[in-house]
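In our numbering, the protein residues as written are 19 to 347.
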């Protein structure tokens, strides 16, 4: 099986520079805005790397404005949704629905990912009222950075054939798949966040991250990923125990994680990616839990996320297919 493709010296060096750059950026971001906003830094650098080459398929000014507003606004909405799980239901649903819809003009390009990933991470690392201001500031500055990169990367491209936000929301000619996808994402993430909130799960975002990953434009894509997600999680959990409890000395944990992160940049198949994602997630959880707690918790939360994603996507996507058949008839 061709897991690692077309690795040459240029790619080896390029990916190494990218990993070093990411580490430096996230470290500086964490130092400036505090460790509770480290994951914000991760999503900001993810968005920078994505939108340096990817177009949002929105009018130029609308795209930049929406990037900044989306990142900044989710700081407040995620905080409000954490006050009470039941209050979080409408807040999370509306927030995710809007972001999933606006950033899925070209749905297969997955421009929505850094925004929804950021929202999931914010839910997974809540802050107190005293630290809300610095969190929103971190998202505002981060959003501006992404907007600046977007400006310089796309300023010379013609945007005449792209819609504005107003046109997207007011037009009667809406893409039914885009609407259906946004609904599936909103319902799935709202359910997973409610479960995490109502039971007070420390790592409830593992459920949400699974739903986010498995919710794809078409249900066939979701079904393909389900088995791979479960297999990758189990294999990753086993490797984590072997590596970090029997092979690697505690003093070498950070170095091994850096090496794994570097290797991950070359991995293409989803099921192999999930092995590395699991290793990284469990390693990050070591400061909170022993493996006897974190490993079964990771597997259980992934399975809960799989169940939510499958049920929501199957039910709602079937409605989309039926409505499409009626339109064609």
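For each residue, glycine too, the CB sits at the ideal point set by N, CA and C.
ask   = What is the DSSP secondary structure of residue 175, counted as helix, strand or coil?
value = coil
ask   = Using the beta-carbon count (16 or more within 10 Å), is residue 146 buried or exposed?
value = exposed
key: Residue from 192, 233, 269 whose Cα sits closest to the Cα of residue 202   = 233
ask   = Does the region 209-226 touch the region 322-341, meaning 3 or more C-beta pairs lie closer than 8 angstroms?
value = yes
key: Through-space distance from residue 188 to residue 34, alpha-carbon basis   = 45 angstroms
query = Taking the continuous alpha helix (DSSP H) assigned at residue 196, which residues delimit it?
reply = 194-216
inquiry  = Below 8 angstroms, how does it come out for the region 274-284 and the region 231-250: are there three or more Cβ pairs, yes or no?
reply    = With the cut-off at 8 angstroms, the region 274-284 and the region 231-250 do not touch.
Beta-carbon proximity of residue 303 to residue 174, cut-off 8 angstroms = no
Simplified DSSP state of residue 285, which is helix, strand or coil = Reduced to three states, the DSSP call for residue 285 is strand.
request  = If I'm right that residue 200 touches residue 115 with Cβ under 8 angstroms, what's the distance once you round it to whole angstroms?
outcome  = 5 angstroms
task = Would you check if the distance between the CB atom of residue 57 and the CB atom of residue 139 is smaller than 8 angstroms?
result = yes
request  = State the start and end residues of the unbroken alpha helix (DSSP H) segment that holds residue 33.
outcome  = 27-51
request  = Look up residue 306 in the DSSP assignment and say whether it is helix, strand or coil.
outcome  = coil
key: Start and end residues, alpha helix (DSSP H) containing residue 135   = In the DSSP annotation of this structure, the continuous segment of the alpha helix (DSSP H) that includes residue 135 starts and ends at 131-142.
task = From the DSSP output, in three-state form, read off residue 326 for me.
result = If DSSP states are grouped into helix, strand and coil, residue 326 belongs with the helices.
message = For the alpha helix (DSSP H) containing residue 123, name the first residue and the last one.
response = Where residue 123 is concerned, there is no enclosing alpha helix (DSSP H), given that its DSSP letter is neither H nor E.
inquiry  = Pull the bridge partners of residue 76 from the DSSP assignment, please.
reply    = 181
Backbone CA spacing between residue 71 and residue 335 [nearest angstrom] = 30 angstroms
inquiry  = So residue 250 and residue 292 are supposed to be a Cβ contact under 8 angstroms. How far apart are they, rounded?
reply    = 3 angstroms
task = May I ask which residues mark the beginning and end of the alpha helix (DSSP H) holding residue 239?
result = 237-260
task = Please determine, among 299, 207, 262, the residue with the shortest C-alpha to C-alpha distance to residue 229.
result = Residue 207 is the option with its Cα nearest to residue 229.
query = Looking only at its own chain, which residues have a Cβ that is under 7 angstroms from the Cβ of residue 82, when we skip the five neighbours before and after it?
reply = Counting only Cβ-Cβ distances below 7 angstroms, and skipping sequence neighbours, we find 165, 168, 169.
query = Does the region 26-46 touch the region 104-115, meaning 3 or more C-beta pairs lie closer than 8 angstroms?
reply = no
query = Got a sec? Which residues, its chain only, sit under 8 angstroms from residue 149 by beta carbon, not counting five neighbours each side?
reply = 52, 54
request  = Quick one: give me the first and last residue of the alpha helix (DSSP H) that residue 68 is part of.
outcome  = 56-69
key: Cβ contact (3+ pairs, closer than 8 angstroms) linking the region 297-315 and the region 252-262   = yes
task = Kindly examine the ligand NAD and report whether one of its heavy atoms sits closer than 7 angstroms to the Cβ of residue 244.
result = Absence of the ligand NAD is noted for the structure shown, with no ligands found whatsoever.
request  = Using a threshold of 8 angstroms, state whether the C-beta atoms of residue 113 and residue 137 are closer than that.
outcome  = yes
key: Range of the contiguous alpha helix (DSSP H) that encloses residue 231   = 223-232
request  = Could you check the C-alpha separation between residue 205 and residue 111 for me, to the nearest Å?
outcome  = 6 angstroms
ask   = Within this structure, are the beta carbons of residue 84 and residue 120 separated by less than 8 angstroms?
value = Cβ atoms of residue 84 and residue 120: closer than 8 angstroms.
message = So for residue 101, helix, strand or coil by DSSP?
response = coil
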